[in-house]
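Those protein sequences? They're chains D and Z, same order as listed.
Using this note's numbering, the letters of the first sequence correspond one by one to residues 2 to 112.
Using this note's numbering, the letters of the second sequence correspond one by one to residues 112 to 228.
Below is one structure; the comments refer to it alone.
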Amino acid sequence: LAKTTQPISMDSYEGQEVNITCSHNNIATNDYITWYQQFPSQGPRFIIQGYKTKVTNEVASLFIPADRKSSTLSLPRVSLSDTAVYYCLVGGYSGNTPLVFGKGTRLSVIA
Amino acid sequence: GAVVSQHPSWVICKSGTSVKIECRSLDFQATTMFWYRQFPKQSLMLMATSNEGSKATYEQGVEKDKFLINHASLTLSTLTVTSAHPEDSSFYICSASKQGANTGELFFGEGSRLTVL
Numbered sequence: 002l003a004k005t006t007q008p009i010s011m012d013s014y015e016g017q018e019v020n021i022t023c024s025h026n027n028i029a030t031n032d033y034i035t036w037y038q039q040f041p042s043q044g045p046r047f048i049i050q051g052y053k054t055k056v057t058n059e060v061a062s063l064f065i066p067a068d069r070k071s072s073t074l075s076l077p078r079v080s081l082s083d084t085a086v087y088y089c090l091v092g093g094y095s096g097n098t099p100l101v102f103g104k105g106t107r108l109s110v111i112a
Numbered sequence: 112g113a114v115v116s117q118h119p120s121w122v123i124c125k126s127g128t129s130v131k132i133e134c135r136s137l138d139f140q141a142t143t144m145f146w147y148r149q150f151p152k153q154s155l156m157l158m159a160t161s162n163e164g165s166k167a168t169y170e171q172g173v174e175k176d177k178f179l180i181n182h183a184s185l186t187l188s189t190l191t192v193t194s195a196h197p198e199d200s201s202f203y204i205c206s207a208s209k210q211g212a213n214t215g216e217l218f219f220g221e222g223s224r225l226t227v228l
């Protein structure tokens with residue numbers, strides 16, 4: 002399973018755009034990149050998933066360069082409620098493959 | 112949606128007793144469920160993969176006789192912590208994927224906090 006590396010923590014003011022980059026140099030051809038958000042004492046929640054180029058949904062965008070060795074989660078105009086730990090995971094498309102969590106990025110949004 | 116529910120959400124028990132945690136997929140069938148544990152300010156650690164109708168696959172270092180996993184139906188997996196000790200106190204989280212879905216998205220339960228006195 003591909004290992005991921007993310008910044009341990011990030012701070013941001015409300016209203017700013019936040020970009021969290023994840024390195025996954027050993028990503029396999031059939032691996033997808035998925036980002037999860039976790040609040041204290043809650044299970045992780047799916048944010049976005051992609052394979053290449055750019056993916057956008059109602060809460061975030063995911064940018065993946067051509068070599069797929071990294072990815073960037075972009076959160077537009079963060080609010081205090083976006084304070085959480087964000088995990089980048091790399092794994093197969095099959096739901097039967099477990100996801101291995103790295104250390105994640107602790108985002109603190111400041112008023 | 113796809114909802115995964117865990118019960119109980121928190122439990123306190125005495126050392127030496129056993130505790131069962133249930134994980135249910137409420138509106139979908141899940142042939143595979145995963146169990147994780149998480150210590151304070153740490154990441155989730157995969158404990159085991161639970162397959163419906165077969166034995167669970169445990170990660171290295173996880174005692175299968177201590178953490179009993181049963182996946183008797185397509186909507187229910189249980190984790191039993193046997194002879195619990197204070198070091199087993201942790202946040203236990205299950206996840207499941209939809210059977211037949213064409214996405215690798217996992218749906219996570221709310222977690223169960225176990226405190227062993």
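Glycine included, each C-beta is placed from N, C-alpha and C at the ideal position.
Quantities reported herein were computed from a predicted structural model and do not represent experimental measurements.
Where residue i sits in the DSSP three-state scheme
{"i": "L90/D", "result": "strand"}
{"i": "D199/Z", "result": "helix"}
{"i": "L217/Z", "result": "coil"}
{"i": "S82/D", "result": "helix"}
{"i": "R69/D", "result": "coil"}
{"i": "E133/Z", "result": "strand"}
{"i": "Q117/Z", "result": "strand"}
{"i": "Q149/Z", "result": "strand"}
{"i": "F139/Z", "result": "coil"}
{"i": "T5/D", "result": "coil"}
{"i": "A178/Z", "result": "Here residue 178/Z turns out to be Phe, not Ala, going by the sequence shown. Strand, per DSSP."}
{"i": "N20/D", "result": "strand"}
{"i": "L228/Z", "result": "coil"}
{"i": "Y37/D", "result": "strand"}
{"i": "F47/D", "result": "strand"}
{"i": "K209/Z", "result": "coil"}
{"i": "L157/Z", "result": "strand"}
{"i": "V56/D", "result": "strand"}
{"i": "F64/D", "result": "strand"}
Residue i classed as buried or exposed, judged by whether at least 16 other C-beta atoms fall within 10 angstroms
{"i": "H196/Z", "result": "exposed"}
{"i": "T30/D", "result": "exposed"}
{"i": "W121/Z", "result": "exposed"}
{"i": "L228/Z", "result": "exposed"}
{"i": "P41/D", "result": "exposed"}
{"i": "T98/D", "result": "buried"}
{"i": "P77/D", "result": "exposed"}
{"i": "G164/Z", "result": "exposed"}
{"i": "A112/D", "result": "exposed"}
{"i": "F150/Z", "result": "exposed"}
{"i": "R148/Z", "result": "buried"}
{"i": "Y88/D", "result": "buried"}
{"i": "E216/Z", "result": "buried"}
{"i": "Y14/D", "result": "exposed"}
{"i": "T57/D", "result": "exposed"}
{"i": "Q171/Z", "result": "exposed"}
{"i": "A82/Z", "result": "Within the shown structure, residues of chain Z are numbered from 112 to 228, placing residue 82/Z beyond reach of any answer."}
{"i": "V60/D", "result": "exposed"}
{"i": "D32/D", "result": "buried"}
Integer Cβ distance of residue i from residue j, believed to fall under 8 Å
{"i": "L185/Z", "j": "Q140/Z", "result": "4 Å"}
{"i": "I48/D", "j": "Q38/D", "result": "5 Å"}
{"i": "D199/Z", "j": "L157/Z", "result": "Not really, about 16 Å apart at Cβ, beyond 8 Å."}
{"i": "E133/Z", "j": "L187/Z", "result": "7 Å"}
{"i": "L179/Z", "j": "F102/D", "result": "Wrong, their Cβ atoms sit about 23 Å apart, outside the cutoff."}
{"i": "V192/Z", "j": "K175/Z", "result": "Actually they are not in contact, since the Cβ atoms of V192/Z and K175/Z sit about 12 Å apart, beyond 8 Å."}
{"i": "Q136/D", "j": "G105/D", "result": "In the structure as shown, chain D starts at 2 and stops at 112, and residue 136/D therefore has no counterpart that could be examined."}
Close-in-space but distant-in-sequence residues of the same chain around residue i (CB under 6 Å, 5 per side omitted)
{"i": "A207/Z", "result": "V115, S136, A141, M144 and F218"}
{"i": "T160/Z", "result": "F145 and T168"}
{"i": "S10/D", "result": "R107"}
{"i": "T35/D", "result": "Q50 and L90"}
{"i": "G16/D", "result": "R78"}
Chain A residues whose Cβ lies nearer than 8 Å to that of residue i
{"i": "I204/Z", "result": "This model lacks chain A altogether, as its protein chains are D and Z."}
Cβ neighbours of residue i in the same chain (closer than 8 Å, five flanking residues each side left out)
{"i": "K53/D", "result": "I65, A67 and R69"}
{"i": "E18/D", "result": "S75, L76, P77, R78 and V79"}
Same chain, Cβ closer than 7 Å to residue i, five either side skipped, listed in chain order
{"i": "S201/Z", "result": "R148, Q149, F150 and L225"}
Quiz prompt | Stretch pair the segment 117-127 of chain Z + the segment 74-89 of chain D: three plus CB contacts closer than 8 Å | solution = no
Quiz item: Between the segment 64-75 of chain D and the segment 10-28 of chain D, do at least 3 Cβ pairs fall closer than 8 Å?
Solution: yes
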